[in-house]
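Residues in the sequence shown are numbered consecutively from 1079, following the numbering used here. All C-beta atoms, glycine included, are put in the ideal place defined by N, C-alpha and C. Everything below concerns the one structure shown next.
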Amino acid sequence: MSKPDELLVNVAALVESGQSNQMSLTVVTGGAVITGRLAPEAVWRQRVSEVLTDSARLGEFSAVFTAMPHMEGPPTHLHFHVARILQGTVGIPETGGMYRVSIEDVSAWTVGDFSYSDH
């Protein structure tokens, strides 16, 4: 989107203000379909930092995610937690991943997450 969808920005702002991670959303961005729950950026950053801290090879990167930049204005990104990239009939990764998507790059979206089939 050349101009971010105001309704999607408002959804992201509500997630940020409520500190909730229960809003399910599916977006199309760059040809990929990502489906899952949104999380406030601070919660998302904390979880990514924890995962990196637990990694023997990637622990040194965890500090990058703990520093919260001061943000003014409306949200510019969606932070997916427990999300999957839909590829055919499969969701990748099976356990759900953490994705950061620029609102500006979302070409379509819907409330709710899509089911996928492992069969």
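Buried or exposed: which applies to residue i, given that a residue is buried once 16 or more other Cβ atoms fall within 10 Å of its Cβ?
{"i": "F1158", "result": "buried"}
{"i": "E1172", "result": "exposed"}
{"i": "T1188", "result": "exposed"}
{"i": "A1120", "result": "exposed"}
{"i": "L1116", "result": "buried"}
{"i": "P1250", "result": "Since the displayed the chain opens at 1079 and closes at 1197, residue 1250 lies outside it and no answer follows."}
{"i": "I1181", "result": "buried"}
For residue i and residue j, which I take to be in contact (beta-carbon distance under 8 Å), what is that distance rounded to the nearest angstrom?
{"i": "A1161", "j": "G1096", "result": "With a Cβ gap of about 18 Å, A1161 and G1096 do not count as contacting."}
{"i": "P1153", "j": "A1090", "result": "4 Å"}
{"i": "T1131", "j": "D1183", "result": "About 29 Å; that fails the 8 Å criterion."}
{"i": "W1179", "j": "I1112", "result": "The sequence given here places Val at residue 1179; Trp does not occur at that position. Indeed they touch by this definition, with Cβ atoms about 6 Å apart."}
When DSSP builds the beta bridges, which residues end up paired with residue i?
{"i": "V1189", "result": "L1103"}
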